[in-house]
Every structure is written in structure tokens, then in C-alpha cells.
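Trainee: Right, I'll just put the structure down here and ask away after.
Residue numbers (my numbering): 106 to 419.
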């Protein structure tokens, strides 16, 4: 297992395509899509980059718009189940991003969004794009890139438990990932559709869900897991993730798959109690949830998932 840390690029992605649908009563659009790029994966050059154009946009955007401004931190760790092949493992990466808002919005999350730049290149199923091998190595074939993108999924920021060698979520990250019901989603203008997962924006001054205005005091932690290959030379060197901000009329706290694997039920319960929120869990979680999801679509269209997050079979 390998832990790396150290800086900034990304692309503002404005696609065009599917006919937009109206937001659900629960979700309100509060900003534009942005793209975060993880690069130098598995090397000392590991960095997370956000387009400078996005930061400039924060100064001139319309009232109520939520904008990510800068990358404040990042981390990476490889986790391979004991006794199993490298291909059974994942590289877990995360980035802490500051966010500004011109209004004191509540329950804001950045949801994964499918665009015309998404992979797979023929179906645009994911929020993942620009997936490449290390410089100097042969480029991925279209089929290889498509498969890797489909299997790259959202994840709570994680590390390795020093005692057991298994996955353990990082402290104070139990309110950073959201899983949403499919019925709450809509299709943003110019996009192909939302995916029912995202990353919560929190006010770092209050630890609450109401955003601070005119400041970068708001934070979100975006985490992903990327499948490891048989040879490290074939691991992805870089990829991009595109998301769009929404405000939710409901206060919800999600136990992520990584949280379930880390047995963080007590922490999730405490957080939900503290902010007066409901609890969302995956089927099979021992934590009692107000909403129980059998799976969470991470690729494909509504009702036609090509990849999904599910709880492990006991």
C-alpha cells in the first residue's frame, strides 16, 4: 500500500445534448459544472487540479451560485485485500476543495454528471473523462479506457487500518458522500444526466450544512477509487471527474460503502442527530436507515445502470 500527497488543473466542461428536465422539488441547481483532474497517480507527482477559470468565475457569477475555488489538500492510498492479486485492489484518492457561495444555501452537494465528454466514448455513461496511462507508455485502447472509467467509482476518503491492514475511512469524513434516490434526479441543461451520488459541501467554521457567503470557508472532500491493474505500469496516470452543484431541500446523511466497511454506523448516526438529518444506507447495512438503497448507479442512464455500488454479500 502506498500513500502519497502533494497541487492544481481541471477543465470547465460545458457540454450539450440531452433535453433538460425540470429539477425535482427536492433538488435546486445552484451553479455550473466543473471538472477536477487527478494526475500523477501512483507517483511523487500526484496532484489534483482545478481550472483557474473556475476560480475567476467565483467573482462574477450570478447570485446564489456555488463555485469550487481551489484545491487545499489531497491523498492517495492503494488497498489490496490480503492474499489476493493486485487486480483485486483499488487506488483510493481524494481531494479537499474550497468552495464559495454568494448565498447562505443549505445542503449543497456536487453530483456526478454525464456529459458528451464522458467515457465510455460511445455511451457517455459516467462522470469520468480524460483517462490516460503514464507519459511515454502506450495509450489505452478505447475499450481499455472505457472499462477503467466504468469501474472508477466515488468513494469516501480512506486510508489503511494500521492494525488490520484493511480499509478505514478518514476521521471526520462521515458526512462527505451522498447517495440519492433516482426519483430526485433531473437532467441539467446541456448535460446528459445526473448520477445519484455526490459530495457534500460543509461550512468549515460551523461544521454545518449552511454555506458561508463571500468566503472560501466552505469545504468538500471528493474521493474516488480506481481499479489497480496487474502491472503498475498499466494503472491510470490521470483522469477527470465532472460534477455540478445542487441544493437539497432535505437534510440527509449517507453511510457510504467505505463507511459500511469501516463500521462507522455510530458516527453516521451521531452526525444525523447533530444536524437533524435522515440516514441513507445500502441494503445490508446494520445501521437503521430512513432510506435503504439496494444499489447506487455510478454509470449508465436512469433505469439502465451499467455499473453500481452495492453492499458486499456477508
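Heads up, the beta-carbon is just placed ideally off N, CA and C, and yes, glycines get one too.
With a floor of 3 residues, list each beta strand (DSSP E) that falls wholly inside the stretch 160 to 242, ordered by position along the chain.
Mentor: 171 to 184, 195 to 206, 213 to 219 and 233 to 237
Trainee: If I'm right that residue 396 touches residue 415 with Cβ under 8 Å, what's the distance once you round it to whole angstroms?
Mentor: The pair is not a contact, with the Cβ atoms about 15 Å apart (cut-off 8 Å).
Trainee: Consult DSSP for residue 306 and reduce its assignment to one of helix, strand or coil.
Mentor: strand
Trainee: With a 10 Å radius around its C-beta and 16 neighbouring C-beta atoms as the bar for buried, classify residue 266 as buried or exposed.
Mentor: exposed
Trainee: Using a Cβ-Cβ distance cut-off of 7 Å, determine whether residue 375 contacts chain D.
Mentor: Protein chain content of the structure displayed is limited to a single chain, and chain D is not contained in it.
Trainee: Have a look at residue 391 and residue 135 and give me their C-alpha separation to the nearest angstrom.
Mentor: 34 Å
Trainee: Whole angstroms are fine: how far does the CA of residue 298 sit from the CA of residue 291?
Mentor: 7 Å
Trainee: Is DSSP giving residue 406 helix, strand or coil here?
Mentor: strand
Trainee: Nearest CA to the CA of residue 262: which residue from 271, 412, 404 and 364?
Mentor: Selected option, being the one with the closest Cα: 364.
Trainee: Could you check where the beta strand (DSSP E) with residue 273 kicks off and where it finishes?
Mentor: 272 to 274
Trainee: Let me know the secondary structure DSSP gives residue 135 once reduced to three states.
Mentor: Three-state result, residue 135: coil.
Trainee: Within its chain, find whatever has a CB closer than 6 Å to the CB of residue 165; leave out the 5 residues flanking it on each side and keep chain order.
Mentor: Annotation note: pLDDT 46 at residue 165 (below 50); position unreliable, coordinate value reported separately. Same-chain partners within the cutoff: there are none.
Trainee: Using CA atoms only, rank isn't needed, just tell me which of 376, 178 and 268 is closest to residue 359.
Mentor: With respect to the C-alpha of residue 359, the residue from 376, 178 and 268 having the closest C-alpha is 376.
Trainee: Nearest to residue 207 by CA position, among 269, 315 and 145, is which residue?
Mentor: Comparing Cα positions, the closest option is 315.
Trainee: What residue range does the beta strand (DSSP E) around residue 345 cover?
Mentor: Residue 345 -> beta strand (DSSP E) spans 343 to 353.
Trainee: Could you have a look at residue 361 and say whether DSSP puts it in helix, strand or coil?
Mentor: coil
Trainee: By DSSP, does residue 252 sit in helix, in strand, or in coil?
Mentor: Three-state DSSP puts residue 252 in a helix.
Trainee: Do residue 284 and residue 385 have their CB atoms nearer than 7 Å?
Mentor: yes
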